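Going left to right, the sequence shown walks through residues 1211 to 1359 as our numbering numbers them.
Glycine included, each C-beta is placed from N, C-alpha and C at the ideal position.
Computed from a predicted model, the values in this text were never measured in an experiment.
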Amino acid sequence: MTSTPPPGRPPTTAGSPSGRLDPEIAARLKRSPDGLLPAIAQQYDTGEVLMLGWMDDEALHRTLTTGRCTYWSRSRREYWVKGDTSGHFQWVRSVALDCDADTVLVRVDQVGAACHTGARTCFDTDVLLEDAVAAGQGHAGSGVPPSDQ
């Protein structure tokens, strides 16, 4: 008997919650209740933050082994490989876990737009604060909160 995953939860592969991901890596991951990790895509040579996607163990495994970013779509409930439909590929250069092992940083060579809207990044259009240092709201690296300067 096959069980259906809860709404929003990706299916498991080969009957294992970690799919084919290296068990040593899988054991370190701290996933959300629905089995996902946020995955930040960053342009490898400029540091530009491109987008945020979601990965489960299978998507991370595919990303690590294919050299292309694979994400889990929470709305469509399926895997998607960046660029398969848009032609805007993300070629993986490196993959790292943050210090808590609850977020993945994928450094990529982005071809074309990263955002589904067609923008270079998903963070171009709704800037809430820009250049706080120039506005007198603190100094980068000073360790002094803006109100104490």
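Helix, strand or coil: how does DSSP classify residue i here?
{"i": "L1270", "result": "helix"}
{"i": "E1288", "result": "strand"}
{"i": "R1238", "result": "helix"}
{"i": "T1280", "result": "strand"}
{"i": "L1339", "result": "coil"}
With DSSP as the reference, please indicate the residues paired to residue i in a beta bridge.
{"i": "L1262", "result": "I1250"}
{"i": "A1306", "result": "L1315"}
Would residue i and residue j be called neighbours here (beta carbons separated by less than 8 Å)?
{"i": "V1305", "j": "L1274", "result": "yes"}
{"i": "Q1253", "j": "R1278", "result": "no"}
{"i": "I1250", "j": "T1295", "result": "no"}
{"i": "T1276", "j": "A1269", "result": "no"}
{"i": "V1240", "j": "D1319", "result": "Rather than Val, the amino acid found at residue 1240 in this sequence is Lys. Their beta carbons are not under 8 Å apart, which means K1240 does not touch D1319 by this criterion."}
Can you tell me the Cα-Cα spacing of residue i and residue j, whole angstroms?
{"i": "G1322", "j": "G1293", "result": "9 Å"}
{"i": "P1233", "j": "Y1289", "result": "21 Å"}
{"i": "T1327", "j": "D1334", "result": "11 Å"}
{"i": "A1329", "j": "D1266", "result": "26 Å"}
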